[in-house]
Amino acid sequence: PASSPPPHVAMLATPGMGHLIPLAELAKRLASRHGVTTTLITFASTASATQRAFLSSLPSTISSLSLPPVDLSDLPRGAAIETLMSEECLRLVPALTSLLLDLKKTTTRLVAFVADLFGADSLDAAAAAGVERRYIFFPTNLHVLTLILSLPELDATVPGEFRDLAEPLRLPGCVGIPGEDILMPLQDKTNPAYRWMVHHGRKYGEAEAILVNSFDAVEPGPAKVLRQPAPGRPVVYPIGPLIQAGKEEDASSPCPCVEWLDRQPEKSVIFVSFGSGGALPAEQMRELALGLELSGQRFLWVVRSPSDEGTVNENYYDAQSKKDPFAYLPEGFIERTKDVGLVVPSWAPQIKVLAHRATGGFLTHCGWNSVLESLVYGVPMVAWPLFAEQRQNAVMLSEGIGAAIRVPESKGREKIAATVRELMEGEGKGAAVRAKVAELQKAAAEGLKEGGAAAAALAEVVEKWTAGEKN
Ligand code: UDP
Numbered sequence: 020p021a022s023s024p025p026p027h028v029a030m031l032a033t034p035g036m037g038h039l040i041p042l043a044e045l046a047k048r049l050a051s052r053h054g055v056t057t058t059l060i061t062f063a064s065t066a067s068a069t070q071r072a073f074l075s076s077l078p079s080t081i082s083s084l085s086l087p088p089v090d091l092s093d094l095p096r097g098a099a100i101e102t103l104m105s106e107e108c109l110r111l112v113p114a115l116t117s118l119l120l121d122l123k124k125t126t127t128r129l130v131a132f133v134a135d136l137f138g139a140d141s142l143d144a145a146a147a148a149g150v151e152r153r154y155i156f157f158p159t160n161l162h163v164l165t166l167i168l169s170l171p172e173l174d175a176t177v178p179g180e181f182r183d184l185a186e187p188l189r190l191p192g193c194v195g196i197p198g199e200d201i202l203m204p205l206q207d208k209t210n211p212a213y214r215w216m217v218h219h220g221r222k223y224g225e226a227e228a229i230l231v232n233s234f235d236a237v238e239p240g241p242a243k244v245l246r247q248p249a250p251g252r253p254v255v256y257p258i259g260p261l262i263q264a265g266k267e268e269d270a271s272s273p274c275p276c277v278e279w280l281d282r283q284p285e286k287s288v289i290f291v292s293f294g295s296g297g298a299l300p301a302e303q304m305r306e307l308a309l310g311l312e313l314s315g316q317r318f319l320w321v322v323r324s325p326s327d328e329g330t331v332n333e334n335y336y337d338a339q340s341k342k343d344p345f346a347y348l349p350e351g352f353i354e355r356t357k358d359v360g361l362v363v364p365s366w367a368p369q370i371k372v373l374a375h376r377a378t379g380g381f382l383t384h385c386g387w388n389s390v391l392e393s394l395v396y397g398v399p400m401v402a403w404p405l406f407a408e409q410r411q412n413a414v415m416l417s418e419g420i421g422a423a424i425r426v427p428e429s430k431g432r433e434k435i436a437a438t439v440r441e442l443m444e445g446e447g448k449g450a451a452v453r454a455k456v457a458e459l460q461k462a463a464a465e466g467l468k469e470g471g472a473a474a475a476a477l478a479e480v481v482e483k484w485t486a487g488e489k490n
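One rule links them: number in UniProt numbering = place in the sequence shown (from 1) + 19.
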């Protein structure tokens with residue numbers, strides 16, 4: 020009946036804009052296509068200005084609530100980011116339970132709870148609050164999901180460290196991943212982060228289904244496997260690519276990057292960026308500068324002050340570089356490249372850059388949102404992975420589907436230059452990658468159309484949420 024309120028879903032976003040953005044996109048799509056409203060629940064630890072501005076820019080179909088702060092001071096200094104997020108989530112279960120109980124009072128049609136990848140323990144809060152449909156939203160891909168779901172078994176059967184495996188790890192349907200390229204938090208089994216990931220792998224089994232921000236064409240192998248129902252494993256729905264839509268109000272405010280791109284020839288510029296938190300060690304930053312210069316290609320580079328090796332994600336909670344990144348560029352670099360390159364500090368409107376006709380390549384850290392954005396806009400990639408699951412993504416993109424060329428591990432200026440040149444204008448590998456990406460761009464768009472695979476998957480989910488409601 021017209022008078023009944025719309026179905027409502029509660030979603031929990033664990034820290035990082037890379038988690039929040041796709042979850043918000045899911046909420047927007049649920050509203051626009053299915054009339055479902057959302058409450059986005061966030062952690063107090065990430066109440067940054069960037070996040071607040073983002074949340075307040077969302078449409079009125081999406082409201083937000085913050086959980087209370089949690090004391091994590093008992094954790095060892097230098098605890099991995101995965102550990103921090105997982106601990107925070109676990110400690111928030113009681114607070115989240117009461118938040119959900121309150122939400123049920125004010126929202127008569129709370130049809131489901133969706134937690135993101137590090138939020139598996141929050142499923143207990145939803146269960147305690149009597150929310151029957153409990154889902155996981157997995158913002159990265161089916162390869163990584165396959166690995167995490169396999170972890171309880173791998174933990175029991177693979178002795179020693181993954182990096183010491185003689186052969187790449189082969190999981191059902193997946194591209195073989197060399198041990199050293201496997202998910203970063205799995206690289207040291209003595210680190211609590213490893214235990215947490217195994218725990219999540221087990222805990223995911225308690226969800227009714229897992230929504231994944233990926234699509235069949237980019238990883239057909241695991242898509243085929245995971246689309247088949249299997250006993251003891253939640254149903255898996257590839258519903259991507261969900262990427263942030265360009266904001267219209269920005270169109271009026273001129274942006275130096277876009278103004279510069281407007282003056283460059285078609286597909287002539289390689290965009291260089293390492294996500295919201297990535298930074299290179301000083302030596303690699305220098306080689307990259309010299310490599311770009313040597314490549315003779317036009318470039319638009321988002322620079323951040325260097326990281327120390329091993330602490331690459333210190334910028335993760337706050338996207339602004341602390342120091343002046345320009346000070347770390349080789350002497351005279353800006354001056355020598357001023358006719359072909361633009362270097363901007365800390366942040367660029369990535370979607371606008373990738374959508375621009377002058378952009379012809381993307382040197383990326385292979386964060387999954389960046390990869391999806393690149394594919395949606397048909398931009399071929401050079402893979403330069405840093406942390407999290409990025410090395411795995413690089414393998415799957417370069418050796419699996421062929422949408423990227425990976426920079427050789429040595430990261431010397433000549434190799435960087437040759438890789439960039441091959442991507443932008445090479446007739447061999449470069450041409451193949453450019454053609455593959457054009458194909459994937461089409462497949463991604465097809466899937467999201469009414470009746471396409473991703474749209475149909477989401478429709479099926481909403482159908483489940485609203486069928487058999489008790490009210
Ligand atoms: N992003 C951006 N400008 C930047 C850097 C990042 O707009 O200068 C956006 C990018 O478009 C993407 C997200 O931030 O949506 C980064 O997510 P990703 O998964 O690629 O990497 P992460 O930040 O999680 O490492």
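C-beta: ideal position from N, C-alpha, C; glycine also.
| Query | Result |
| --- | --- |
| For residue 423 and residue 441, the rounded distance between their alpha carbons | 11 Å |
| Cβ-heavy atom distance, residue 302 to the ligand UDP, below 7 Å | no |
| Element boundaries [beta strand (DSSP E), containing residue 382] | 378-383 |
| Uninterrupted alpha helix (DSSP H) stretches inside the stretch 382-410 (no shorter than 4 residues) | 387-395 |
| DSSP state of residue 481 mapped onto helix, strand, coil | helix |
| Coil, strand or helix - residue 420 by DSSP | helix |
| Endpoints, alpha helix (DSSP H) assigned at residue 165 | 161-176 |
| Beta-carbon spacing of residue 154, residue 103 below 8 Å | no |
| Check whether residue 388 and residue 41 have beta carbons under 8 Å apart | yes |
| For residue 305, the nearest candidate out of 91, 322 and 381 (CA to CA) | 322 |
| Member of 413, 451, 286 and 401 whose CA lies at the smallest distance from the CA of residue 437 | 401 |
| Among 393, 183 and 385, nearest to residue 426 - alpha-carbon criterion | 385 |
| Whole-angstrom C-beta distance between residue 473 and residue 466, which should lie under 8 Å | 4 Å |
| Identified DSSP bridge partners for residue 262 | Residue 262 pairs with nothing; no bridge assigned. |
| Cα-Cα separation between residue 143 and residue 172, rounded to whole angstroms | 23 Å |
| Residue 275 beta carbon near the ligand UDP (any heavy atom closer than 7 Å) | no |
| Extent of the continuous beta strand (DSSP E) to which residue 57 belongs | 56-61 |
| Contact check, residue 99 vs residue 59, beta carbons under 8 Å | no |
| Straight-line Cα distance separating residue 124 from residue 57 | 15 Å |
| Per-residue DSSP class, three states only, for residue 344 | helix |
| Burial state of residue 241 (16 or more Cβ within 10 Å) | buried |
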